[in-house]
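Engineer: Position 122 of the sequence shown, counting from 1, maps to 138 under our numbering, and the rest follow consecutively.
Each residue gets a CB set at the ideal place from its N, CA and C atoms; glycine is no exception.
These numbers come from a predicted model, not from an experiment.
Following this message is one structure expressed as structure tokens.
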Amino acid sequence: MCENQPKNRRGKDKRQLLIAALERQGLSEEALYDKIVSMAVIEGDSAMMKELIVRFSPLPKPVAPTFEVDFPDEGTAVEKIDAVIRGIATGVIPADLGKTFAEVVRVGLDVREVTELAARLERLEKLLEEQNAP
């Protein structure tokens, strides 16, 4: 690592910058929260009230449904894809998640193929070196 590079390349996060700005104004984080609650509840500021509601009860993030499928961990790629297709056909796996499963299997195959090709190339290079050695 270069010696002239800063240790913290990203700088302060937004929260730290906000707290520093509050401190420069002689305020604290707690004082900001007090002001927000005051504006929402006492002054009737609808934007601040909405902010409070969002903070206290945020909307749940969508999550994929949980399901179980007979997936052959040690099976071939064809067996794995067949298991996904059966899961989609029987309604156990939603079609969009089935597509994701299939893509994961394909990426796994691609990684395996590249890894195997690299190993084969390395072996061939060693053989060539041995044959060309005096």
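1) To which residues of the same chain is Arg139 closer than 7 Å at the C-beta, ignoring the five residues directly before and after it?
2) What runs of the alpha helix (DSSP H), each 4 residues or longer, lie entirely inside the segment 77-109?
3) Once you ignore the five residues that flank Phe83 on each side, which residues in its own chain have a CB closer than 7 Å to its CB?
4) Less than 7 Å between the CB of Arg122 and some heavy atom of the ligand GDP, yes or no?
5) Would you kindly report the start and end of the unbroken alpha helix (DSSP H) that includes Glu138?
6) Between the segment 65-80 and the segment 90-97, do at least 3 Cβ pairs fall closer than 8 Å?
7) Hey, would you say Ile104 sits closer than 8 Å to Ala111, going by beta carbons?
8) Could you give the DSSP three-state label for Gln1: helix, strand or coil?
Structural biologist: Checking against the coordinates, here is how it stands:
1) none
2) 93-105
3) Val108 and Ile109
4) This structure lacks the ligand GDP; in fact it carries no ligand of any kind.
5) Ala111 to Asn148
6) no
7) yes
8) In this structure the chain extends from 17 to 150, so residue 1 is not present and cannot be described.
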